[in-house]
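> Mind looking over this structure? Questions follow.
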Amino acid sequence: MRLRALLETDALGLRLLGGEDELDRTVRGVMTTDLRDPSRYLSGGELVLTGLAWRRDASDSEPFVRILAGAGVAGLAAGEAELGDIPADLVEACLQHRLPLFAVNETVAFATITEHVVRQVSGERAGDLAAVVDRHRRLMTSGPAGGGPEVVLDLLTSDLDLRAWVLSPTGRQIAGAGAPLPGRLGAALAGHHLAATRTGRRGPYRAAVAGTTYSLFPIRNAGRGAVPAARDVRESVLSDWLLAVEADASDWPAARLDLLQGVTQLIAVERDRRDAARTVRRRLAQEVLELVQAGAAPAEIAARLRVAAPVLLPGLGVAPQWQVVVARVDWTAAGTAGGAGVPGDIAGGPVAQALLEEILVDPAVSGPDSADRIAVAHTGEEAIALVPLPAVPAPLPETVGGPTDNAGTADKTVAPDAAEAPAAQDPALHADALLAAVREPLSAGLADDGRLTLGVSAAVHSAEGLRGALEEARHARRVAAARPGRVCAAGHHELASHVLLLPFVPDDVRRAFTARLLDPLRDYDRRHRAELIETLEAFLDCDGSWTRCAARLHLHVNTLRYRVGRIEQLTGRDLSRLEDKLDFFLALRMS
Numbered sequence: 016m017r018l019r020a021l022l023e024t025d026a027l028g029l030r031l032l033g034g035e036d037e038l039d040r041t042v043r044g045v046m047t048t049d050l051r052d053p054s055r056y057l058s059g060g061e062l063v064l065t066g067l068a069w070r071r072d073a074s075d076s077e078p079f080v081r082i083l084a085g086a087g088v089a090g091l092a093a094g095e096a097e098l099g100d101i102p103a104d105l106v107e108a109c110l111q112h113r114l115p116l117f118a119v120n121e122t123v124a125f126a127t128i129t130e131h132v133v134r135q136v137s138g139e140r141a142g143d144l145a146a147v148v149d150r151h152r153r154l155m156t157s158g159p160a161g162g163g164p165e166v167v168l169d170l171l172t173s174d175l176d177l178r179a180w181v182l183s184p185t186g187r188q189i190a191g192a193g194a195p196l197p198g199r200l201g202a203a204l205a206g207h208h209l210a211a212t213r214t215g216r217r218g219p220y221r222a223a224v225a226g227t228t229y230s231l232f233p234i235r236n237a238g239r240g241a242v243p244a245a246r247d248v249r250e251s252v253l254s255d256w257l258l259a260v261e262a263d264a265s266d267w268p269a270a271r272l273d274l275l276q277g278v279t280q281l282i283a284v285e286r287d288r289r290d291a292a293r294t295v296r297r298r299l300a301q302e303v304l305e306l307v308q309a310g311a312a313p314a315e316i317a318a319r320l321r322v323a324a325p326v327l328l329p330g331l332g333v334a335p336q337w338q339v340v341v342a343r344v345d346w347t348a349a350g351t352a353g354g355a356g357v358p359g360d361i362a363g364g365p366v367a368q369a370l371l372e373e374i375l376v377d378p379a380v381s382g383p384d385s386a387d388r389i390a391v392a393h394t395g396e397e398a399i400a401l402v403p404l405p406a407v408p409a410p411l412p413e414t415v416g417g418p419t420d421n422a423g424t425a426d427k428t429v430a431p432d433a434a435e436a437p438a439a440q441d442p443a444l445h446a447d448a449l450l451a452a453v454r455e456p457l458s459a460g461l462a463d464d465g466r467l468t469l470g471v472s473a474a475v476h477s478a479e480g481l482r483g484a485l486e487e488a489r490h491a492r493r494v495a496a497a498r499p500g501r502v503c504a505a506g507h508h509e510l511a512s513h514v515l516l517l518p519f520v521p522d523d524v525r526r527a528f529t530a531r532l533l534d535p536l537r538d539y540d541r542r543h544r545a546e547l548i549e550t551l552e553a554f555l556d557c558d559g560s561w562t563r564c565a566a567r568l569h570l571h572v573n574t575l576r577y578r579v580g581r582i583e584q585l586t587g588r589d590l591s592r593l594e595d596k597l598d599f600f601l602a603l604r605m606s
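Last residue of the sequence shown: number 606 in the working numbering, and the count goes up by one each step with no gaps.
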């Protein structure tokens, strides 16, 4: 806004004392001060309000005005309440330094002027930013992105003092201005967003986390693949991005809300670009998957893998290992606000595909292009990911016996134990680790009518092993599906264990088996506080070793023998027999 506009506003009660030729100066803010030297708090463009408490005599005016002029302030408004008329020495100093001077009537509070300036300046900044956003949108839709969403988020910070971040549905930061958002906070905000979306509420959503209020704006897919507005919300809730703003938008004027909606539309353009870039990787995965399922010759599959490797791992010099991950999203008929409530109406494959692409991104990596290693296809209700793993360099052998002797005798070498190799060298995906960072927000998005199940294969080194890896991942996913919970995963290592069998035991058989063995012990523990169940678990975990179990439980061995004898007496079993140990072990696992 201009100084002239302030003078023309009767409610402010300003009277011009000097500087008529400078009234076209732009006001960028306002500051009230009675310091003799307020320069450290000035950045230029302010209207400075003062009650003149800094002035002791006429000699103080010129230094004060010189400091203001040097800081580039727009003008000075002095209150008449303290001294009555504005001193002539102050008027003269302002004329000397070409600084516009206003007198503020004693009936007008400085707070009134401050509120008016802030309101006008904020409105104009929002208008300027809206024009920039619109111009940036046209640039992005007509050609290469001009810096991506970070440019607009930087403008929100610099022009409207708003901190904002673009987050994935799991809370991973895709873009942001300034300091990155902590991972736990991002996941919590994503959970709030998904839960609010499932209720059918209209955005922006208000969320309070750790004492700070955020406003969450949905970012809808706006490109050629956009789903119509009347869709079932479950088709997109697990794939839409969100804009998180550190502010409470509930009392914002309509103009500012419209501006932020424009920002989300701009970011949606970037989202469309990201999806288009994934098309190549999806097609590669689909081609390999079709060859594997059709029983194609290994040489043909290997040829497709050689094409895929440079795309998924640019600069790769050697053939990588491959892992297969299978995911499925299932909905019950519960329905939601804004949804049809009929699971058959929701194509599960595309939903699982978009979600698996997100899950497989390293949560420590930010940015919209951090999923370059991931190629996900879908067939039916399943999403299937083909993940290349960089080859792990073989560890250098350790020398035994020192350097070669003068006789040329070769030193003996020994490779380090594989179990001692640093874990960081293992690039393989692990089922539990994949879901650790995303379980909380995804559970909110699945609500009480959705389930995500996921299976991970072992790494394979050639095309011949890919078919087996696919079946292994599918079987692991079925193991995960047999478990309780909204978000479940299982890995290949569980397929060679009793863990594989337990989920498929019928519930009535499970209850009868555990009750027959464990209920007598539980009843005795309730009556006598004897801790027989705890003793049994420790005894089995110590492989039946009396000394190790007694040490773990901090008991005398005779006390432990008494407890084990009581367990055998109550159940009619013998803990020296392998069969009875196994029955107790399975009962504890199924209970």
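Every residue, glycine too, gets a C-beta built ideally from N, C-alpha and C. Bear in mind that the values here come from a model prediction, so they are computed numbers and not experimental data.
State yes or no: is the C-beta of leucine 29 within less than 7 Å of the C-beta of phenylalanine 117?
yes
> When we look at the beta-carbon of aspartate 247 and count the other beta-carbons within 10 Å, is it buried (16 or more) or exposed?
buried
> Sort out for me which residues DSSP pairs leucine 469 with in a bridge.
Ala342 and Ala504
> Sort Ile234, Ala262, Asp598 and Leu105 by Cα distance to threonine 172 and report the nearest one.
Ala262
> Should the segment 335-345 be called in touch with the segment 457-475, which here means at least 3 C-beta pairs below 8 Å?
yes
> Starting from the Cα of isoleucine 316, find the closest Cα among Leu304, Pro325, Tyr56 and Val295 and give me that residue.
Leu304
> With burial defined as no fewer than 16 other Cβ atoms inside 10 Å of the residue's Cβ, what is the status of alanine 73: buried or exposed?
A residue is called buried when at least 16 other Cβ atoms come within 10 angstroms of its Cβ; alanine 73 does not meet this threshold and is exposed.
> Can you check DSSP and say which residues form a bridge with proline 403?
Per DSSP, the beta-bridge partners of proline 403 are Trp337.
> Once DSSP output is grouped into helix, strand and coil, what is the label at glycine 198?
Taken through DSSP and simplified to helix, strand or coil, glycine 198 comes out as helix.
> So, is the C-beta of glutamate 396 closer than 7 Å to a C-beta in chain D?
Protein chain content of the structure displayed is limited to a single chain, and chain D is not contained in it.
> Would you call the segment 583-593 and the segment 532-542 in contact, with 3 or more CB pairs under 8 Å?
yes
> Go through its chain and collect everything with a Cβ distance to arginine 17's Cβ below 6 Å, but skip five positions before and after it.
Asp39
> List the endpoints of the continuous alpha helix (DSSP H) containing tryptophan 561.
561-568 is the extent of the alpha helix (DSSP H) around tryptophan 561.
> Exposed or buried, threonine 294, counting other C-beta atoms within 10 Å across all chains shown (16 or more means buried)?
Burial check for threonine 294: the Cβ neighbour count within 10 Å stays below 16, so the residue is exposed.
> Can you check whether the CB of arginine 343 is closer than 7 Å to the CB of glutamate 396?
yes
> Put proline 233 into one of helix, strand or coil per three-state DSSP.
strand
> Check for me: the alpha helix (DSSP H) holding methionine 16 runs from which residue to which?
First-last for methionine 16: undefined, no H or E at that position.
> Determine the extent of the alpha helix (DSSP H) in which alanine 84 is found, giving its start and end residues.
76-86
> Looking at the structure shown, is glycine 483 part of a helix, part of a strand, or coil, going by DSSP?
helix
> Does the distance from the CB of valine 340 to the CB of valine 167 come in under 7 Å?
no
> Closest by CA to aspartate 598, which one among Leu575, Arg542 and Glu552?
Measuring from the Cα of aspartate 598, the nearest candidate turns out to be Glu552.
> So what does DSSP say about leucine 601, is it helix, strand or coil?
In this structure, leucine 601 counts as helix in the three-state DSSP scheme.
> Rounded to a whole number of angstroms, what is the C-alpha to C-alpha distance between glutamine 368 and leucine 485?
16 Å
> Residues in the same chain with beta-carbon distance under 8 Å from leucine 593, minus the five sequence neighbours each way, listed in chain order, please.
none
> Count the other C-beta atoms from every protein chain shown that fall within 10 angstroms of the C-beta of proline 243, then say buried if there are 16 or more, exposed otherwise.
Here the model assigns proline 243 a pLDDT of 45, short of 50, so the residue's position is not dependable and the matter cannot be decided.
> Tell whether a beta-carbon distance below 7 Å holds between leucine 371 and valine 391.
Closer than 7 Å, so yes.
> Apart from the five residues just before and just after arginine 51, which ones in its own chain have a Cβ nearer than 8 Å to its Cβ?
Trp69, Asp75, Pro78 and Phe79
> Closest to glycine 59 by C-alpha separation, out of Leu114, His207, Leu200 and Ala300, would be which residue?
Leu114
> On the three-state DSSP scale, how would you describe valine 453?
Of the three classes helix, strand and coil, the one that applies to valine 453 here is coil, per DSSP.
> Can you list, in chain order, the stretches of the alpha helix (DSSP H) that have 4 or more residues and sit fully within the segment 261-339?
269-308 and 313-327
> Whose CA, out of Gly465, Glu479, Gly480 and Val494, lies closest to the CA of alanine 446?
Val494
> Rounding to the nearest angstrom, what Cα-Cα distance links arginine 298 and histidine 507 in this structure?
Their backbone Cα atoms lie some 26 Å apart in a straight line.
> If I follow the unbroken beta strand (DSSP E) through threonine 574, where does it start and stop?
Threonine 574: not part of any beta strand (DSSP E); member of the alpha helix (DSSP H) spanning 572-586, first to last residue.
> If valine 224 sits next to alanine 203, beta carbons under 8 Å apart, how far is it from one beta carbon to the other, in whole angstroms?
Correct: roughly 5 Å between the Cβ atoms.
> Start and end of the beta strand (DSSP E) containing glycine 44?
In this chain, the beta strand (DSSP E) harbouring glycine 44 covers 44-47.
> Take histidine 543 as the anchor and find which of Asp558, Leu555, Arg134 and Arg578 has the nearest alpha-carbon.
Arg578
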